[in-house]
Every structure is written in structure tokens, then in C-alpha cells.
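Chemist:
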Amino acid sequence: MDVNTRVLKAYLNHFLPREVVGPVIIVFSLEGVIDGIFNLYVPDKYTTLGWGIVFVLSIIIVAYWGTVDEQAVEELQDRIDEIEEQEATDNETP
0 MDVNTRVLKA YLNHFLPREV VGPVIIVFSL EGVIDGIFNL YVPDKYTTLG
50 WGIVFVLSII IVAYWGTVDE QAVEELQDRI DEIEEQEATD NETP
């Protein structure tokens with residue numbers, strides 16, 4: 000299966016918009032505080048599992064957020080269609 004990097008980039012730009020990157024940077028800057036609070040409620044032997052659950056839940060929330068905005072989903076589909084049309088045109092040119 001051939002992965003189209005331009006389509007993948009369009010998906011990433013849709014599901015991880017710049018509005019998400021800023022809060023992620025803030026969260027990483029508060030990592031010590033979050034880790035301290037996290038360690039109060041999660042035993043040491045379950046730390047990796049706990050962070051894995053937090054990571055998966057974060058991805059699910061961002062993905063859900065990216066699918067509920069119908070206008071943005073339409074824009075994403077239009078962008079993917081443009082990429083596919085351009086690639087078809089590029090492939091036809093000898």
C-alpha cells in the first residue's frame with residue numbers, strides 16, 4: 000500500500016490544528032505539576048499504563064473534535080480531492 004504523504008499531511012493539518020499545538024506546549028511546560036498530581040492518584044507500577052490511557056483519550060478527543068465541525072470536514076475533503084486531481088494531472092503529463 001502506497002502512502003500519499005500529501006493526503007496524510009492534509010489529515011494532520013485538519014486533526015491537529017494550530018489551536019491544539021499551543022495548549023500542548025503549555026501542558027508540556029506544566030509537565031512536572033501534572034506528573035506530581037498524577038502520581039498522587041496512580042500507583043508507581045501503573046504509571047506507564049496511566050499515561051498511555053491519557054494519551055489515547057487525548058487522541059480520541061482531538062479526533063472527535065475534528066469530525067464534529069461539518070464545514071471543516073468538507074474543507075478537508077475538498078483539499079484531498081484537489082490533491083488527488085493534481086496528482087492525476089501530474090501522472091498524465093509525459
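Here the sequence shown stands for residues 0 to 93, where the numbers follow numbering that gives the first Met the number 0.
Ideal Cβ placement from N, Cα and C applies to all residues, glycine included.
#1: Taking the alpha helix (DSSP H) that residue 75 belongs to, which residues open and close that run?
#2: So, for residue 82: in the same chain, excluding its five sequence neighbours on each side, which residues have a beta-carbon less than 7 Å away from its beta-carbon?
#3: Could you give the distance in angstroms between the alpha-carbon of residue 44 and the alpha-carbon of residue 52?
#4: Roughly how many whole angstroms lie between the Cα atoms of residue 41 and residue 54?
#5: Could you check whether residue 33 and residue 26 sit closer than 8 Å to each other, using their CB atoms as the reference points?
#6: Ends of the alpha helix (DSSP H) at residue 29?
#7: So, at 6 Å on beta carbons, what are the nonlocal neighbours of residue 79 in its own chain, with the 5 sequence-adjacent residues on each side left out?
#8: Helix, strand or coil for residue 22, going by three-state DSSP, please let me know.
#9: So what does DSSP say about residue 53, is it helix, strand or coil?
Modeler: The structure says:
#1: 69-91
#2: 5, 6 and 9
#3: 14 Å
#4: 15 Å
#5: yes
#6: That residue, residue 29, is in no alpha helix (DSSP H); it is neither H nor E in DSSP.
#7: 6 and 9
#8: Here residue 22 sits in helix by DSSP.
#9: helix
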